[in-house]
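Colleague: Protein sequences appear in the order of chains A and B. Residues in the first sequence are numbered consecutively from 1, following my numbering. Residues in the second sequence are numbered consecutively from 1, following my numbering. C-beta atoms are modelled at their ideal positions from N, C-alpha and C, and glycine is treated no differently. Quick caveat: nothing in here was measured; it's all calculated off a predicted structure. Handing you a structure now.
Number of protein chains: 2
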Amino acid sequence: MTEVSRALREAMPYLESADAAIKKALGWVKQQSTEGKEISNDKLDLHQMASFDLAWCAAEATAARFTAEYAGRVAATGAGNGGVCLEERMALAFCAEALQNIHNRLRARPQSFGLGESDLASLAAPELSRFCRTQLDAGNLEALGREVVALNGASGAYMLGDDATMMQDTFRKVAVNVVMPLAADIHRHDRIIPKEILEPLTEMGCFGLSIPQRYGGMQSDEHEDNMGMIVVTEELSRGSLGGAGSLITRPEILSRALLKGGTEEQREKWLPKLAAGDPLCAVAVTEPDAGSDVAAMRLKATKCDGGWMLDGVKTWCTMAGKAGVLLILARTHPDRSLGHRGLSMFLLEKDSYDGHDFEYRQPQGGVLAGRAIATIGYRGMHSYEVFFDRIFVPDENLIGGPQGEGKGFYFTMAGFAGGRIQTAARAIGVMQAAFEKAVSYSQERKAFGKPIGEFQLTLVKLARMATLLTVSRQFTYSVGRLMDQGKGQMEASMVKLFTCRTAEWLTREAMQIHGGMGYAEETSVSRYFVDARVLSIFEGAEETLALKVITRSLIDAV
Amino acid sequence: MTEVSRALREAMPYLESADAAIKKALGWVKQQSTEGKEISNDKLDLHQMASFDLAWCAAEATAARFTAEYAGRVAATGAGNGGVCLEERMALAFCAEALQNIHNRLRARPQSFGLGESDLASLAAPELSRFCRTQLDAGNLEALGREVVALNGASGAYMLGDDATMMQDTFRKVAVNVVMPLAADIHRHDRIIPKEILEPLTEMGCFGLSIPQRYGGMQSDEHEDNMGMIVVTEELSRGSLGGAGSLITRPEILSRALLKGGTEEQREKWLPKLAAGDPLCAVAVTEPDAGSDVAAMRLKATKCDGGWMLDGVKTWCTMAGKAGVLLILARTHPDRSLGHRGLSMFLLEKDSYDGHDFEYRQPQGGVLAGRAIATIGYRGMHSYEVFFDRIFVPDENLIGGPQGEGKGFYFTMAGFAGGRIQTAARAIGVMQAAFEKAVSYSQERKAFGKPIGEFQLTLVKLARMATLLTVSRQFTYSVGRLMDQGKGQMEASMVKLFTCRTAEWLTREAMQIHGGMGYAEETSVSRYFVDARVLSIFEGAEETLALKVITRSLIDAV
Numbered sequence: 001m002t003e004v005s006r007a008l009r010e011a012m013p014y015l016e017s018a019d020a021a022i023k024k025a026l027g028w029v030k031q032q033s034t035e036g037k038e039i040s041n042d043k044l045d046l047h048q049m050a051s052f053d054l055a056w057c058a059a060e061a062t063a064a065r066f067t068a069e070y071a072g073r074v075a076a077t078g079a080g081n082g083g084v085c086l087e088e089r090m091a092l093a094f095c096a097e098a099l100q101n102i103h104n105r106l107r108a109r110p111q112s113f114g115l116g117e118s119d120l121a122s123l124a125a126p127e128l129s130r131f132c133r134t135q136l137d138a139g140n141l142e143a144l145g146r147e148v149v150a151l152n153g154a155s156g157a158y159m160l161g162d163d164a165t166m167m168q169d170t171f172r173k174v175a176v177n178v179v180m181p182l183a184a185d186i187h188r189h190d191r192i193i194p195k196e197i198l199e200p201l202t203e204m205g206c207f208g209l210s211i212p213q214r215y216g217g218m219q220s221d222e223h224e225d226n227m228g229m230i231v232v233t234e235e236l237s238r239g240s241l242g243g244a245g246s247l248i249t250r251p252e253i254l255s256r257a258l259l260k261g262g263t264e265e266q267r268e269k270w271l272p273k274l275a276a277g278d279p280l281c282a283v284a285v286t287e288p289d290a291g292s293d294v295a296a297m298r299l300k301a302t303k304c305d306g307g308w309m310l311d312g313v314k315t316w317c318t319m320a321g322k323a324g325v326l327l328i329l330a331r332t333h334p335d336r337s338l339g340h341r342g343l344s345m346f347l348l349e350k351d352s353y354d355g356h357d358f359e360y361r362q363p364q365g366g367v368l369a370g371r372a373i374a375t376i377g378y379r380g381m382h383s384y385e386v387f388f389d390r391i392f393v394p395d396e397n398l399i400g401g402p403q404g405e406g407k408g409f410y411f412t413m414a415g416f417a418g419g420r421i422q423t424a425a426r427a428i429g430v431m432q433a434a435f436e437k438a439v440s441y442s443q444e445r446k447a448f449g450k451p452i453g454e455f456q457l458t459l460v461k462l463a464r465m466a467t468l469l470t471v472s473r474q475f476t477y478s479v480g481r482l483m484d485q486g487k488g489q490m491e492a493s494m495v496k497l498f499t500c501r502t503a504e505w506l507t508r509e510a511m512q513i514h515g516g517m518g519y520a521e522e523t524s525v526s527r528y529f530v531d532a533r534v535l536s537i538f539e540g541a542e543e544t545l546a547l548k549v550i551t552r553s554l555i556d557a558v
Numbered sequence: 001m002t003e004v005s006r007a008l009r010e011a012m013p014y015l016e017s018a019d020a021a022i023k024k025a026l027g028w029v030k031q032q033s034t035e036g037k038e039i040s041n042d043k044l045d046l047h048q049m050a051s052f053d054l055a056w057c058a059a060e061a062t063a064a065r066f067t068a069e070y071a072g073r074v075a076a077t078g079a080g081n082g083g084v085c086l087e088e089r090m091a092l093a094f095c096a097e098a099l100q101n102i103h104n105r106l107r108a109r110p111q112s113f114g115l116g117e118s119d120l121a122s123l124a125a126p127e128l129s130r131f132c133r134t135q136l137d138a139g140n141l142e143a144l145g146r147e148v149v150a151l152n153g154a155s156g157a158y159m160l161g162d163d164a165t166m167m168q169d170t171f172r173k174v175a176v177n178v179v180m181p182l183a184a185d186i187h188r189h190d191r192i193i194p195k196e197i198l199e200p201l202t203e204m205g206c207f208g209l210s211i212p213q214r215y216g217g218m219q220s221d222e223h224e225d226n227m228g229m230i231v232v233t234e235e236l237s238r239g240s241l242g243g244a245g246s247l248i249t250r251p252e253i254l255s256r257a258l259l260k261g262g263t264e265e266q267r268e269k270w271l272p273k274l275a276a277g278d279p280l281c282a283v284a285v286t287e288p289d290a291g292s293d294v295a296a297m298r299l300k301a302t303k304c305d306g307g308w309m310l311d312g313v314k315t316w317c318t319m320a321g322k323a324g325v326l327l328i329l330a331r332t333h334p335d336r337s338l339g340h341r342g343l344s345m346f347l348l349e350k351d352s353y354d355g356h357d358f359e360y361r362q363p364q365g366g367v368l369a370g371r372a373i374a375t376i377g378y379r380g381m382h383s384y385e386v387f388f389d390r391i392f393v394p395d396e397n398l399i400g401g402p403q404g405e406g407k408g409f410y411f412t413m414a415g416f417a418g419g420r421i422q423t424a425a426r427a428i429g430v431m432q433a434a435f436e437k438a439v440s441y442s443q444e445r446k447a448f449g450k451p452i453g454e455f456q457l458t459l460v461k462l463a464r465m466a467t468l469l470t471v472s473r474q475f476t477y478s479v480g481r482l483m484d485q486g487k488g489q490m491e492a493s494m495v496k497l498f499t500c501r502t503a504e505w506l507t508r509e510a511m512q513i514h515g516g517m518g519y520a521e522e523t524s525v526s527r528y529f530v531d532a533r534v535l536s537i538f539e540g541a542e543e544t545l546a547l548k549v550i551t552r553s554l555i556d557a558v
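What follows is the structure, encoded as structure tokens:
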């Protein structure tokens, strides 16, 4: 981590105090949950509330550090003209907020974290309080709000490299010119993404963002580069979460799974097609009775002549109708006690359908029936419950060939490796759109004689929105860079947890600023609000991420 | 206020400490905002953030006191079998949470409240901390969650009188048997409330709940009784917010306005009809460019032969299509500098329409055009933007006759007097429905080998849901009883503020417990979530209530 700027230096020892308290609590939870040399899941479950709070504390502390480092980089460009630049001010305000939140969580029930009064002393120190109070002062936030309003919907500098900036510019134009004008129609009439959006995006290589160039994609052959995927997802999600911003998710999952587990033949056959968006693809992993619990999957694959026969049900299979190929996680070994070791992964080729429900019949007699699940938002993609009745998949479509049998769980994990950071990018796009509308409406709408955006309460709201948006974005970018170095899986869960909940809050406030009109479907903030609500549910529900990934990893490492 | 039970007695001095700190802060804001002997609105606006936070602090402190008093009444029935009963435990947990919230808000920026360290000392006292920590302990909340789950969707005792209990039983049956089975269809197809719901409710006297018996209603002729209206609204809203729970709102506004300002002739003519739900009515007050700012109303009424000619636009006119009579606030005096003193109130008779958009043509040539505004929730009522083009209203329909000219603002205020407490009751109904679904789903859905409702995090969520639901309900009932005594207008704003935001949180958590299925339209928690979102916006947006009503009243009284 590069050095922070002078303005941020004050905050650093306070963040260290927070880290120390969090670490102490993690150590206590670990000790309480250890049986022999192992951590017992049952024992750890007795501390779920503490674990959930600690995941949030750690996520905020990490966000604060990344933001401080980012603000330092901006300041180093001379942005503050010798003074404190906007990004530093937002970073300071966020550090203060994060410190308050962390302290408030821990001091509400220190005994549930194994902490005593002395462990909290440094978080309660007068100089730390003074720092927070200065930053969170109503007048300070109001002034920050005025600066933010003057930027007209922009917040902090992006600080991207040249390649990412170029991609951002290119996809921003499509998002504004093509996606935005269609977004309301897609949402209000629950339409599938139209070709007006699909065609230009396909042409621009959107589906090949995670596929190496040697397989026809845009990804470097040498090293993973997540920044392109992140900025493209962000810009498209600003246009429409379900109508564009989530298009990359599925080809990315397939590509990662194939790159991890596919035979060279399978990669050569499928990756160029996926990169070209022809066919479109979908992922059938989740089952109705097993959300986060992959080991409990039931869809059955039975060996038959020349291939496998699939029977069972998958759900939340997004794009299943329109997709020409499905990635399926199935149980190839009947012994359920094997858990996830009995799972394998298949590709199923099928016809493409534009409507809602569909029924695909195989010449061999198999039937794949898709029932579209209507949702309150995230429309454009269409999600399905999919019923497999004697669906045949040829041997060549077992990922990894005979060697791949029983390894489906690992290929799935590899496939989903980018899903969390990508979901964070989706959250940022939705927030950016909502924030812009909140700023512009606050200037248009008058109450009691002046624009509502000139009142303190609105200015403070806008300041906080800009700050949390900037923190979310830079947290995501920082984790993306970590992932480029093959690290950051746990941080990806943190940034997903943090940005998705932040998007719920920010879109709620954007709606509130719009008053009654915010609740009307014709006003786009109402769409951002319902769209944002899916983010904390899918790609790892917040409870699962907090308990099973973040705190668990932190405990293992402590 | 009756005495609290022994268990709650410990909390009382802590609530007094909170009150003292809040009062000190209010006094400081008042002093900062006073110019000469008057409070200057401009100066007060410089403290909006503090005012907003103080409104919340005061609302939570008030909720805690009413809940403590309620728990005492339950305990006095012997409910705890000599021990501490469930209601007392919930009251204790809520007192702790409220104290924490109040302390956290004030200590985040004491200087913005004019508070020093010494003013916060009693809120930071070790014994108060110990009390809160004991109550908010993870194990304590988990145990509370287990008790709550065993109640299968019920939470605390209602403690209603016989009359209210009888009305509750009666309307609960209709809500369960008639409203609930139709609620999803109304919402998902944006239908107007069907006669299957309207007919039984009309027969049961639902529209006459706020109308004295001498005018054909169910209300006592001697004194105001809000409890009937509250429990009926609560039960119907549990069935459907827009499909039943909000039916009473409009006849109540008309009745209150007529009782306040109508001539005896107008009352005798209209009140029996309103009580019989024939015609249905609607209220045209809000204008597109003036939400909370009534003095800025523009819709123009020009005197003509035998009546008045109305020109202009109203918006958010709920039920305008189906209604046979509209209550309209119009500017009868052209001098806009008169502000609200230039406003008068009219009744307009019109045809009834079942569809969405409508156009009503008068024989005299006037046209009333209604454009239905699609909303993300609160469906069933249909809200409209209504365009008045030379609409004629006869003299006899000027409320209050010639004496009523210029008094429309006061009649409107009288009309809306019950709207806030009623909205609180609507919030409780929606919360109750969501809470029941959360409890039942947590028992059905399994993850990692057992029902999710057996994990600590879910139990703590359910404990908090039950607690906040019970607090919201009892806060509402207590304010209803105050209003029966002609008091409690400011408290009605507090309870509206508190319950509506709580309903947003509770429905969000209920959805989260449902995982992916919670986001599906076929699952009713998705409807509760979008329905709940309207509550903090309409009938006084939370910012308006906090700043213009609650804190302003508290400052005036300090």
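By the 10 Å Cβ neighbour count, where 16 or more other Cβ atoms means buried, how is glutamate 396 of chain A classified, buried or exposed?
Modeller: In the first sequence, counting from the first residue as 1, residue 396 of chain A sits at position 396. Its Cβ having fewer than 16 others within 10 Å, glutamate 396 of chain A is exposed.
Colleague: Could you list which residues in chain A have their beta carbon closer than 7 Å to that of glutamate 35 of chain B, in chain order?
Modeller: Here residue 35 of chain B corresponds to residue number 35 of the second sequence, with the count starting at 1. Those within 7 Å of glutamate 35 of chain B in chain A number zero; the least Cβ separation is about 17 Å.
Colleague: Does the contact criterion of 3 or more C-beta pairs under 8 Å hold for the stretch 53 to 66 of chain B versus the stretch 438 to 445 of chain B?
Modeller: No contact exists between the stretch 53 to 66 of chain B and the stretch 438 to 445 of chain B.
Colleague: Using a C-beta to C-beta distance shorter than 7 Å, which residues of chain B count as neighbours of aspartate 137 of chain A?
Modeller: Here the question's residue 137 of chain A lines up with position 137 in the first sequence. Correct list: Arg109, Gln111 and Ser112.
Colleague: Among the candidates B:Thr544, B:Glu87 and B:Leu329, whose CA atom is the shortest distance from the CA of tyrosine 410 of chain B?
Modeller: Numbered from its first residue, the second sequence carries residue 410 of chain B at position 410. Nearest C-alpha to tyrosine 410 of chain B: B:Leu329.
Colleague: How about the stretch 141 to 161 of chain B and the stretch 73 to 89 of chain B: do they share at least three Cβ pairs that are nearer than 8 Å?
Modeller: Flag = yes, the stretch 141 to 161 of chain B and the stretch 73 to 89 of chain B touch.
Colleague: Please identify the residue among B:Phe113, B:Leu141, B:Gly217 and B:Gly404 whose C-alpha is closest to the C-alpha of alanine 567 of chain B.
Modeller: A query on residue 567 of chain B cannot be resolved here, the shown segment of chain B reaching from 1 to 558 and no further.
Colleague: Looking at the secondary structure, which residues open and close the beta strand (DSSP E) in which leucine 310 of chain A lies?
Modeller: Along the first sequence, one-based indexing puts residue 310 of chain A at 310. Element bounds for leucine 310 of chain A: 307 to 318.
Colleague: Check for me: the beta strand (DSSP E) holding alanine 546 of chain B runs from which residue to which?
Modeller: The residue given as residue 546 of chain B occupies position 546 in the second sequence. Here alanine 546 of chain B belongs to no beta strand (DSSP E), and DSSP marks it neither H nor E.
Colleague: Would leucine 469 of chain A be called buried (16 or more neighbouring beta carbons within 10 Å of its own) or exposed?
Modeller: Counting from 1 along the first sequence, the entry for residue 469 of chain A is found at position 469. The residue is buried, with at least 16 neighbouring Cβ atoms inside 10 Å.
Colleague: Of all the residues that make up the stretch 352 to 378 of chain B, which are near chain A by a beta-carbon distance shorter than 8 Å?
Modeller: Listed by position along the chain: Ile373, Ala374, Thr375, Ile376, Gly377 and Tyr378.
Colleague: Given leucine 274 of chain A, which residues of its chain have a CB within under 7 Å of its CB, disregarding the five upstream and five downstream residues?
Modeller: What you label residue 274 of chain A is simply residue 274 of the first sequence in a count that begins at 1. Around leucine 274 of chain A: Phe207, Ile211, Pro251, Leu254, Ser255 and Cys281.
Colleague: Write down the C-beta distance between valine 74 of chain B and phenylalanine 171 of chain B rounded to the nearest angstrom, noting that I regard them as a contact closer than 8 Å.
Modeller: Your numbering for residue 74 of chain B matches position 74 in the second sequence. Your numbering for residue 171 of chain B matches position 171 in the second sequence. Incorrect: roughly 23 Å between the Cβ atoms, too far for contact.
Colleague: Does any residue of chain A have a CB that is nearer than 8 Å to the CB of glycine 419 of chain B?
Modeller: If you number the second sequence from 1, residue 419 of chain B lands on position 419. It does not: the Cβ of glycine 419 of chain B has no partner Cβ on chain A nearer than 8 Å.
Colleague: Report the option in B:Arg426, B:Tyr14 and B:Glu454 whose CA atom is closest to the CA atom of leucine 578 of chain B.
Modeller: Nothing about residue 578 of chain B can be reported from this structure: the residues present for chain B run from 1 to 558 only.
Colleague: Residues in its own chain within less than 6 Å of lysine 24 of chain A by CB, not counting five upstream and five downstream?
Modeller: Along the first sequence, read from residue 1 onward, the residue named residue 24 of chain A stands at position 24. Same-chain partners within the cutoff: Asp119.
Colleague: Here's a check: name, in chain order, each residue in its chain whose Cβ is nearer than 8 Å to the Cβ of glutamate 276 of chain A, leaving out the five neighbours to either side.
Modeller: Counted from its first residue, the first sequence places residue 276 of chain A at position 276. Inspection of the sequence shows that residue 276 of chain A is occupied by alanine rather than by glutamate. The residues are Thr202, Phe207, Gly208 and Gly216.
Colleague: Would you check if there are 3 or more beta carbon pairs closer than 8 Å linking the stretch 349 to 368 of chain B to the stretch 409 to 425 of chain B?
Modeller: The stretch 349 to 368 of chain B vs the stretch 409 to 425 of chain B: no contact.
Colleague: May I ask you to list, following chain order, the residues of the stretch 508 to 539 of chain B that have a beta carbon less than 8 Å from some beta carbon of chain A?
Modeller: Within the stretch 508 to 539 of chain B, the qualifying residues are Arg508, Met511, Gln512, Gly515, Gly516, Gly518, Tyr519, Ala520, Glu521, Glu522, Ser526, Phe529, Val530, Arg533, Val534, Ser536, Ile537 and Phe538.
Colleague: Run through the DSSP bridge pairs and tell me what alanine 301 of chain B is partnered with.
Modeller: As a working mapping, residue 301 of chain B is identified with position 301 in the second sequence. For alanine 301 of chain B, which the question treats as bridged, DSSP gives the partners B:Leu310.
Colleague: Closer than 8 Å by beta-carbon distance: list the chain B residues that pair up with leucine 46 of chain A, in chain order.
Modeller: The residue labelled residue 46 of chain A in the question sits at position 46 within the first sequence. Ordered by position in chain B, the residues that pass the 8 Å Cβ test against leucine 46 of chain A are Gln456.
Colleague: What is the rounded straight-line gap between the Cα of arginine 188 of chain B and the Cα of alanine 154 of chain A?
Modeller: Here residue 188 of chain B is taken as the residue at index 188 of the second sequence, counted from 1. Here residue 154 of chain A is taken as the residue at index 154 of the first sequence, counted from 1. Cα-Cα distance, rounded: 37 Å.
Colleague: Taking 7 Å as the cut-off, is the beta-carbon of glutamate 521 of chain A closer than that to any non-hydrogen atom of the ligand ZN?
Modeller: As for the ligand ZN, it is missing from this structure, which has no ligand bound.
Colleague: For histidine 356 of chain A, collect the residues of the same chain with a Cβ closer than 6 Å to its Cβ; drop the 5 residues on either side in sequence, then sort them by chain order.
Modeller: Residue mapping note: residue 356 of chain A aligns to position 356 of the first sequence, counting from 1. Excluding sequence neighbours, histidine 356 of chain A sits near Ala372.
Colleague: Between the C-alpha atoms of leucine 8 of chain A and arginine 105 of chain B, what's the straight-line distance to the nearest angstrom?
Modeller: Counting from one through the first sequence, the residue named residue 8 of chain A turns up at place 8. Counting from one through the second sequence, the residue named residue 105 of chain B turns up at place 105. Taking the straight line joining both Cα atoms gives about 24 Å.
Colleague: Spell out the partners DSSP gives tyrosine 360 of chain B in its beta bridges.
Modeller: Here residue 360 of chain B corresponds to residue number 360 of the second sequence, with the count starting at 1. DSSP output for tyrosine 360 of chain B lists B:Leu368 as bridge partner(s).
Colleague: Give the DSSP-derived three-state secondary structure of asparagine 226 of chain B in the structure shown.
Modeller: Against the second sequence, residue 226 of chain B aligns to sequence position 226. Asparagine 226 of chain B: coil per DSSP, three-state reduction.
Colleague: Short of 6 Å in beta carbon distance, which residues of its chain neighbour glycine 401 of chain A, apart from the five on each side in sequence? Order them along the chain.
Modeller: The count along the first sequence starts at 1 and reaches residue 401 of chain A at position 401. Thr263.
Colleague: According to DSSP, which residues form a beta bridge with proline 212 of chain B?
Modeller: Position 212 of the second sequence, counted from the first residue, corresponds to residue 212 of chain B. The partner list for proline 212 of chain B (beta bridge, DSSP) reads B:Gln219.
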